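Engineer:
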Amino acid sequence: MFEYFPTGPYTWNLGVVATLNSGGLIDEVDRACRPIKDAADAGEDAGTPDFLRAWTALTDQLVGQAEAAEKAGHVRTAGQLWFRASNYLAQAERMLARSDPNRVPTYRRMLEIAQKAFETHSPRVSRVAIPYEGTTLPAYFSAAPATDHGPAPVVVLVNGLDSTKEHMYASNHWEELAARGISCLMLDQPGTGEALRLQGLPARIDTEVWAGAAVDWLETRPDVDASRIGIVGWSLGGYYSPRAAAFEKRFALCVAWGANHDWGAVQRRRRQHEGERPVPHYWKHVLWVWGHTDLDEFLDVADAVNLEGVVEQITVPFLIAHGANDRQIPLEMAHRSYDQAVNSPKRELRVFTPEEGATEHIGLDHLPYVSSFVADWVADTFAELATTTPG
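Here the sequence shown is numbered in the numbering used here, starting from 9 and rising by one per residue.
(1) For H269, is the classification buried or exposed, using 16 other Cβ atoms within 10 angstroms of its Cβ as the cut-off for buried?
(2) Where are the beta strand (DSSP E) runs, 3 residues long or more, that stay fully inside the region 213-280, in chain order?
(3) Spell out a yes or no on whether the region 372-392 and the region 179-194 are touching, meaning 3 or more CB-CB pairs, one atom from each, closer than 8 Å.
(4) Relative to the alpha-carbon of Y247, which residue among A62, F326, R92 has its alpha-carbon at the smallest distance?
(5) Could you name the residues of the same chain whose beta carbon sits closer than 6 Å to that of F13, not counting the 5 residues immediately before and after it, in chain order?
(6) Can you give me the Cβ contacts of W298 inside the same chain, cut-off strictly under 8 Å, excluding the 5 residues immediately before and after it?
(7) What are the partner residues of E356, as DSSP defines its beta bridges?
(8) Classify G399 as helix, strand or coil using the three-state DSSP reduction.
(9) On the DSSP bridge list, what partners appear for P139?
(10) For Q197, which residues from the same chain have a beta carbon less than 6 Å from its beta carbon, with the 5 sequence-adjacent residues on both sides left out?
(11) Take F91 and list the residues in its own chain whose beta-carbon comes closer than 6 Å to its own, dropping the five residues that flank it on each side.
(12) Are the CB atoms of S243 and I370 nearer to each other than 8 Å?
(13) Going residue by residue through the region 100-141, where are the continuous alpha helix (DSSP H) segments of at least 4 residues, counting only ones entirely within it?
(14) Mind checking if F390 is an interface residue toward chain B, Cβ cutoff 8 Å exclusive?
(15) When the Cβ atoms of the region 255-274 are set against those of the region 330-345, are three or more pairs found closer than 8 Å?
(16) Does the Cβ-Cβ distance between E78 and A65 come in under 8 Å?
(17) What's the gap between the Cα of Q123 and the Cα of V136?
(18) Looking at the secondary structure, which residues open and close the beta strand (DSSP E) in which L165 lies?
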């Protein structure tokens with residue numbers, strides 16, 4: 009993996025490489041990071057306020073340029089600037105501690121910038137709300153151009169532990185799907201993104217509940233082919249999505265973009281300082297996501313976040329994509345999910361190697377490569393399903 013901070017923390021380097029592989033420009037990222045190299049050496053937790061200041065300054069610069077471009081009538085230029093600004097601020101916000109007073113204001117600004125990006129850069133992406141247990145789940149919906157001619161298949165894209173729908177938008181995976189005739193619902197499910205930050209909705213083990221709510225909503229849309237709704241989850245989504253597909257039988261396919269067969273076991277390893285962690289202030293973040301206050305008590309709960317006895321119940325096509333050098337989730341987790349998914353009619357394990365890149369966690373070191381592979385697999389599988397579905 010490209011490591012901008014050679015002696016700095018994994019979390020900072022992962023954030024930088026994720027940004028660059030989600031449309032960030034090397035010059036802009038370098039100008040933000042160069043002044044904080046010493047802060048990186050101070051430790052991942054201590055330096056996060058410096059990280060935010062540096063990346064906010066970059067965001068401010070791009071916002072000013074975007075506003076000037078809009079005033080001059082240069083909508084395309086403005087859109088590119090708004091899009092990159094949303095990417096940079098999303099990565100900076102992700103690094104903050106839950107208790108940081110800048111966290112919620114920064115996130116609210118992210119929402120405003122994302123909306124400007126939709127208006128100028130991505131007019132086929134819009135903000136939507138999914139009815140869920142007396143409230144709603146916030147999401148972005150990308151309507152593929154194919155929907156201009158009739159109902160199209162759709163992917164429900166779900167977060168991991170620390171990502172947001174704004175990271176999904178920056179990844180451009182929705183655009184890869186759209187180019188293949190597939191719409192995309194980028195969902196902030198409970199425990200993630202806006203659902204956690206602004207609505208206080210914690211994560212839950214029975215992911216089929218909120219996933220089912222997403223399917224209910226999609227089935228009301230005339231531009232959705234309800235017989236071809238898939239679910240794709242990255243990082244901890246590699247637990248969320250297989251669990252959902254196992255028990256919500258309306259999903260037509262499932263992708264674990266980074267296997268997470270036994271997330272509880274990974275937490276116990278991390279408690280013993282084994283393996284890397286995705287964000288600074290890690291344990292405080294985990295407790296926030298799951299709505300707990302006591303770590304020892306939570307670890308007992310986390311043991312149930314696993315797919316033992318679950319993937320056997322997946323009865324639809326199932327792809328597991330994993331990096332050979334994933335320093336967060338061991339590769340053996342991917343093999344366990346694959347070996348146990350015996351009732352999937354089309355199961356595939358794709359391991360990305362150091363020689364080709366995409367070998368780190370969810371392929372963040374070569375994200376477009378994995379994104380294209382997943383999009384191709386989804387498109388091929390939906391096409392196969394179209395030939396076997398009655399009507």
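Just so it is clear, CB atoms sit at the ideal spot from N, CA and C, and this is done for glycine as well. Being a predicted model, the structure only gives us computed values, none of them experimental.
Structural biologist: With the given structure in hand:
(1) Buried, by the Cβ-count rule.
(2) 232-242, 261-265
(3) A contact exists between the region 372-392 and the region 179-194.
(4) Residue F326 is the option with its Cα nearest to Y247.
(5) Cβ-Cβ distances below 6 Å link F13 to W20, N21, A48 in the same chain, with the five nearest sequence neighbours on each side left out; the list follows chain order.
(6) G199, P210, A211, F306, V309, A310
(7) Residue pairing by DSSP places E356 opposite L327 in a beta bridge.
(8) Note that G399 scores a pLDDT of 49, beneath 50, so its modelled location is shaky and nothing firm can be said.
(9) T144
(10) V166, W218
(11) A125, H129
(12) yes
(13) 111-128
(14) Absence of chain B from the displayed structure is noted, only one protein chain being present.
(15) yes
(16) no
(17) 12 Å
(18) For L165, the enclosing beta strand (DSSP E) starts and ends at 160-166.
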